[in-house]
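Trainee:
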Amino acid sequence: MRLSRLSRSVLGVITVLILAVIYLPLGVVFINSFSTSQSLSWPPPGFTLEWWGKAFQSAGALDAVLTSLQLAVVATVVSLVLGTLISLALQRFEFFGRDAVSLLVILPIALPGIITGIALNNFFRTILGVPLSIWTVVIAHATFCIVTVFNNVIARLRRLGTNFEDASADLGAGIWTTFRLVTFPQLRSALFAGGLLAFALSFDEIIVTTFTAGSGVTTLPIFILNNMFRPNQAPIVSVIAVVLVLVSIVPIYIAQRIAGAERTER
């Protein structure tokens, strides 16, 4: 399809505006992390590296990062296992109510976070009678992280078909051997993409976390929200935000390389 010069110009302007809306606020946060101001004021009255040193020495920030990492890793592992099993069951087997089960699996990602948070809070405290802790947060995060793994894996299974698995079974391989040597190698990139997205969703989730975390659980998003407008803490929050943006580039780069390698192989 060929576009006229006017159409290309209009699309170019729209693209620049969209990118500006996305990245200019990130640029402001980056500049504020070097500001001498104790609050998020603009323009910065001066520049300093003081806040970067304090951010890496802040016990509260480091504890919040560690808590978020632990929570996201556990929630991602749970999601990878359950999401893969559910997708295999729904795609490879036929049973009564399969479509209903598929809908119920996907539904949590479509529900507003505040509804999910309130429902799980009542479930844990009223029905089960268990205290809120980091484990209740893990369970809460897994409810929507499973969806990301499920969608990636079941889409890959639909494209693969069952020819290779049938051939493996005809040659005498059992279910586990077929999964280990035939199915799993073809699902690795889908599992990586789903796990990456699940980790990202869990790491920065705040609404469901607020309703399901106990008083002693402080994740990084909760720490940022609690300290964003406090004197001497706002610049530290900006530093943390910049570091998270820089760290996020690494898995995105790895995912792109894997996707590029798969396209080259095909």
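Going by UniProt numbering, 54 is the number at position 54 of the sequence shown; the sequence numbering is gapless.
From the three backbone atoms N, C-alpha and C, an ideal C-beta is built for every residue, glycine too.
These numbers were taken from a predicted model, which means no experiment stands behind them.
1) Is it the case that the Cβ atoms of Val149 and Ser37 are separated by a distance below 7 Å?
2) Measure the Cβ-Cβ separation of Val105 and Ile127 and say whether it is below 7 Å.
3) Assuming Arg158 is part of the alpha helix (DSSP H), what are its boundary residues?
4) Taking C-beta to C-beta, are Thr218 and Ala64 nearer than 7 Å?
5) Assuming Thr212 is part of the alpha helix (DSSP H), what are its boundary residues?
6) For residue 275 and Leu82, I'd like the C-alpha separation in whole angstroms.
7) If you drop the 5 nearest sequence neighbours on each side, which residues of the same chain put their C-beta closer than 7 Å to that of Gly174?
8) Could you check the C-alpha separation between Val29 and Glu165 for me, to the nearest Å?
9) Pull up the DSSP beta-bridge partners for residue 281, would you.
10) By Cβ distance below 7 Å, which residues in the same chain neighbour Ala200 in space, the five residues on each side in sequence not counted?
11) Run the CB neighbour count on Thr162, radius 10 Å, all protein chains shown included, and call it buried at 16 or more, exposed below.
12) Return the CA-CA distance between Asp99 and Ser215, expressed in angstroms with no decimal places.
13) Near Ser238, what residues of its chain come up, given a Cβ to Cβ distance below 6 Å and the 5 sequence neighbours on each side ignored?
14) Within this structure, are the beta carbons of Gly113 and Ile14 separated by less than 7 Å?
15) Any chance you could list the beta strand (DSSP E) runs of at least 3 consecutive residues sitting entirely within the segment 37 to 116, in chain order?
16) Once you ignore the five residues that flank Pro44 on each side, which residues in its own chain have a CB closer than 8 Å to its CB?
17) Below 8 Å on the Cβ atoms is my guess for Ile236 versus Ser58; work out the distance and round it to an integer in Å.
18) Specify, as a first and last residue, the run of the alpha helix (DSSP H) that Gln233 falls within.
Mentor: Considering the structure as presented:
1) no
2) In this structure, the beta-carbon distance from Val105 to Ile127 does not fall below 7 Å.
3) Ile134 to Leu160
4) yes
5) Ile207 to Thr212
6) Absent from the structure is residue 275, since the part of the chain shown begins at 1 and ends at 266.
7) none
8) Each residue's alpha carbon lies about 51 Å from the other.
9) The displayed coordinates of the chain run from 1 to 266. Any statement about residue 281 would go beyond what the structure contains.
10) Result list for Ala200: empty, nothing under 7 Å.
11) exposed
12) If I take the Cα positions, the gap works out to 39 Å.
13) Val29, Asn32 and Ser33
14) No, these two residues do not count as a Cβ contact at 7 Å.
15) none
16) Ile31, Asn32, Phe34, Ser35, Thr36 and Ser37
17) 6 Å
18) It is not in any alpha helix (DSSP H) - Gln233 carries neither H nor E in the DSSP assignment.
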